[in-house]
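First comes the structure, then the notes that go with it.
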Amino acid sequence: MNRTVLLKIGTLAILLVCLGLAYLAFFASGKSLPVLISIIVALLIPGRVQGVLWRELFNGRRLFTRGQYADALPHFERFMTQLEARPALRHAIWLAWSFYSLRPDVMALTNIGACHLILGQLNESEIASTEAIRRDPLAPLPHFNLAMLHHAKNQPEDRDAYFRRAQQLGYRGSLSDALAMHAMNAYATVEGRQAKPDTLD
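Each number in the numbering used here corresponds to the 1-based position in the sequence shown with 31 added.
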């Protein structure tokens, strides 16, 4: 069983436990509205804190989801700069779910690679994706990016090798992957809307 599958199972288990505890607390309190509000706030706080600390990453993801790849790139790059200046920001990974990597710098590099790939900037995409793999060899998405890159270069052997590796690491384009991507995009969209006015387009 690869790490991606374990992360998906672990995330689902944590969500179920939290929902179960919230359900028990709500009914134990006699279905009190203040208790319900307190439970909702308590469940939302960790994700909102991550949203504030990782604002640039989520702004980038929001723009990426909207197809504004060139506009998304500076946000991912600024997030990388922030991580270098404040390494403690990496620990916010534990405030919300993560399915494909436990390193925020790898998440940013993967998105940088994807943006460059879609924009046709293949050399820049390869540099970012290769660096993401160097930092986290178990992350499947940069392998998938490189598979697409080699497809664009008409290099079927390299394409197939990277695609197989992405599958081995847990990215198969399955329903669970589609749901994971949808959840991450939705979360990024919500947090990206909290951006400062000068970052909005």
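Glycine is no exception: its CB is placed at the ideal position from the N, C-alpha and C atoms. Because the structure is a prediction, the values reported are computed rather than measured.
Beta-carbon spacing of residue i, residue j below 8 Å
i: residue 180; j: residue 200; result: no
i: residue 146; j: residue 103; result: yes
i: residue 178; j: residue 190; result: yes
i: residue 197; j: residue 153; result: no
i: residue 123; j: residue 81; result: yes
i: residue 127; j: residue 51; result: no
i: residue 100; j: residue 149; result: yes
i: residue 56; j: residue 68; result: no
i: residue 143; j: residue 159; result: yes
i: residue 129; j: residue 47; result: no
Host alpha helix (DSSP H) of residue i (start-end)
i: residue 147; result: 135–149
i: residue 166; result: 153–166
i: residue 41; result: 34–59
i: residue 95; result: 86–96
i: residue 114; result: 100–116
Chain C within 8 Å of residue i, Cβ atoms only
i: residue 147; result: The structure shown contains no chain C, having only a single protein chain.
Other residues of its chain near residue i: CB distance less than 8 Å, five sequence neighbours each side excluded
i: residue 202; result: 35, 131, 171, 172, 174, 175 and 208
i: residue 72; result: none
i: residue 113; result: 87 and 120
Residues of its chain near residue i, where Cβ-Cβ distance is below 6 Å and the 5 sequence neighbours each way are ignored
i: residue 231; result: Low per-residue confidence applies at residue 231: pLDDT is 35, beneath 50, and the placement is therefore not dependable, though the value from the model is reported in the following sentence. So no residue of the chain qualifies.
i: residue 33; result: 200 and 201
i: residue 167; result: 132, 134 and 137
i: residue 141; result: 163, 172 and 173
i: residue 110; result: 87, 88 and 139
i: residue 125; result: none
Neighbourhood of residue i by C-beta distance below 7 Å, restricted to the same chain and skipping five residues each side
i: residue 98; result: none
* Does the pairing of the segment 100–119 with the segment 75–89 give three or more beta-carbon distances under 8 Å? -> yes
* Asked: So, do the segment 132–141 and the segment 158–169 have three or more beta carbon pairs nearer to each other than 8 Å?
  -> yes
* Asked: Which parts of the segment 178–204 are runs of the beta strand (DSSP E), unbroken and 3 residues or longer, counting only runs that do not cross its ends?
  -> none
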